[in-house]
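What follows is a single structure, written as structure tokens, with notes after it.
Number of protein chains: 2
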Amino acid sequence: MTEPSAVGRDPEAVSKFVEGFAAQLVEAGMQRMAARVFAALLASDSGAMTSAELGEQLQVSPAAVSGAVRYLAQVHMVSREREPGSRRERYRVHSDQWYEALTSRDAVLKRWEHTLREGVDSLGVTTPGGQRIAETLAFFEYLQGELGQLMERWREHRDKTFGQG
Amino acid sequence: MTEPSAVGRDPEAVSKFVEGFAAQLVEAGMQRMAARVFAALLASDSGAMTSAELGEQLQVSPAAVSGAVRYLAQVHMVSREREPGSRRERYRVHSDQWYEALTSRDAVLKRWEHTLREGVDSLGVTTPGGQRIAETLAFFEYLQGELGQLMERWREHRDKTFGQG
DNA sequence: CGCTTCTTTCAGAAATTTGTGAAGTTAAGG
DNA sequence: CCTTAACTTCACAAATTTCTGAAAGAAGCG
Numbered sequence: 001m002t003e004p005s006a007v008g009r010d011p012e013a014v015s016k017f018v019e020g021f022a023a024q025l026v027e028a029g030m031q032r033m034a035a036r037v038f039a040a041l042l043a044s045d046s047g048a049m050t051s052a053e054l055g056e057q058l059q060v061s062p063a064a065v066s067g068a069v070r071y072l073a074q075v076h077m078v079s080r081e082r083e084p085g086s087r088r089e090r091y092r093v094h095s096d097q098w099y100e101a102l103t104s105r106d107a108v109l110k111r112w113e114h115t116l117r118e119g120v121d122s123l124g125v126t127t128p129g130g131q132r133i134a135e136t137l138a139f140f141e142y143l144q145g146e147l148g149q150l151m152e153r154w155r156e157h158r159d160k161t162f163g164q165g
Numbered sequence: 166m167t168e169p170s171a172v173g174r175d176p177e178a179v180s181k182f183v184e185g186f187a188a189q190l191v192e193a194g195m196q197r198m199a200a201r202v203f204a205a206l207l208a209s210d211s212g213a214m215t216s217a218e219l220g221e222q223l224q225v226s227p228a229a230v231s232g233a234v235r236y237l238a239q240v241h242m243v244s245r246e247r248e249p250g251s252r253r254e255r256y257r258v259h260s261d262q263w264y265e266a267l268t269s270r271d272a273v274l275k276r277w278e279h280t281l282r283e284g285v286d287s288l289g290v291t292t293p294g295g296q297r298i299a300e301t302l303a304f305f306e307y308l309q310g311e312l313g314q315l316m317e318r319w320r321e322h323r324d325k326t327f328g329q330g
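Here you go:
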């Protein structure tokens with residue numbers, strides 16, 4: 001048995017993790033290719049890969065990579081970097097920022113809240129359905145506020161654990 | 166203009182909300198039919214509907230309803246009730262419990278954590294990729310603990326706001 | 001400017017998902 | 001027991017999504 005940490009990355013082990021984690025992201029609703037690209041970046045050495053590297057590792061076309069990173073950038077799970085002096089682009093996962101995207105999906109939550117508010121209005125706050133929706137709305141509003149604080153506490157906790165641990 | 170709260174439910178307004186909210190749930194990764202069934206229940210008067218009622222309102226076959234409620238029950242977003250003295254079943258959304266399912270997806274989080282832990286192990290904690298995954302894992306562990314407390318605070322908050330407000 | 005390298009867009013093929021009708025299963029009530 | 005009302009399962013058709021190859025678009029570099 002080879003020792004991954006000694007010889008560097010074991011491509012098979014990496015691939016196993018990438019595909020496994022990607023499958024779970026897919027199950028949670030993410031597009032397959034985006035999930036695979038994301039998992040590959042997460043497991044990469046530098047946290048950044050070029051389109052060619054991604055296509056090579058995942059055995060997919062440049063077009064597929066392009067679509068995936070467009071989506072990932074849109075939801076702030078990766079950022080794009082231009083390599084100076086080249087058209088080559090580099091896609092990076094900021095380990096300290098990607099999961100913030102998960103919790104601070106402001107835009108998404110805001111739209112949910114808008115739809116729920118419309119629902120309360122058009123059903124009427126006095127109807128049972130309206131009240132049920134109003135409670136759901138209140139929950140999301142509460143959640144949004146709390147998540148912000150939660151993330152602050154997490155950063156503190158992380159700095160203690162990882163920063164000097 | 167009719168007054169929904171006076172004349173009872175305005176089917177058009179209900180449908181507009183149901184389809185709109187369902188669309189957002191779909192965008193967030195939920196199956197279309199499950200989303201529609203769930204939204205219909207949320208907007209319903211009693212918070213519960215029979216298979217026939219759902220099929221009628223959403224214009225879909227019994228088979229589609231069956232599949233949708235099976236999924237929804239699995240993720241604890243609705244519960245099934247047997248009407249005593251009849252084979253007819255009733256599907257209910259507990260307004261105070263469905264969004265708890267959103268935050269306390271223990272099983273899902275546990276599986277994510279398991280996959281991430283495997284990833285750390287097989288890449289090695291000393292590799293950059295391993296460390297990045299370890300931080301993600303730590304975040305999810307933290308999140309899981311915090312969400313439990315968050316939900317307790319929410320219940321308190323809700324009781325104050327809705328219980329006697 | 002034009003060449004070259006990289007990325008994006010697009011039409012279409014392939015794969016997957018979704019919803020239906022029909023048959024199958026289960027249990028209440030005579 | 002048999003009938004019947006309800007739910008579920010299954011094979012298949014339809015719709016949607018996903019990925020590819022090819023062509024088009026951008027930008028560095030001579």
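If you read the sequences in order, they're chains A and B. One point on numbering: in my numbering, the residue at position 63 of the first sequence is 63, and numbering is uninterrupted. One point on numbering: in my numbering, the residue at position 25 of the second sequence is 190, and numbering is uninterrupted. We treat Cβ as the ideally placed atom computed from N, Cα and C, and that holds for glycine. Every value quoted in this text rests on a predicted model; they were computed, and no experiment measured them.
The beta carbon of B:S226 sits closer than 7 Å to those of G220, all from its chain and outside the five residues before and after it, given in chain order. Every alpha helix (DSSP H) stretch that sits fully inside the stretch 191-240 of chain B and reaches 4 residues is listed by chain position as 197-208, 216-223, 227-239. Residue nearest to A:R9 within the set B:P293, B:V273, B:G194 is B:P293 (criterion: CA-CA distance). Rounded to the nearest whole angstrom, the C-alpha separation of A:A34 and B:A266 is 26 Å. Interface annotation, A:S79: not in contact with chain B, CB-CB separation never under 7 Å. Across the structure, A:R155 and B:R253 are spaced so that their CA atoms are roughly 51 Å apart. With contacts defined as CB atoms closer than 7 Å, A:A43 and A:V14 qualify as a contacting pair. Proximity of A:Y71 to chain B, defined by a Cβ-Cβ separation below 7 Å, is not satisfied. For chain A, the residues of the stretch 284-296 of chain B that bring a beta carbon within less than 7 Å of one of its beta carbons are G284, S287, L288, G289, T291, T292, P293, G294, in chain order. In the three-state scheme derived from DSSP, where H, G and I count as helix and E and B as strand, B:S260 is classed as coil.
When DSSP states are grouped into helix, strand and coil, B:S180 belongs to the helix group.
For B:R245, the number of other beta carbons within 10 angstroms of its own is below 16, and it is reported as exposed.
Residue range 106-123 is occupied by the alpha helix (DSSP H) that includes A:R117. Separation of the CB atoms of B:G212 and B:V258 is rounded to 5 Å, and the pair is thereby assigned contact status at 8 Å.
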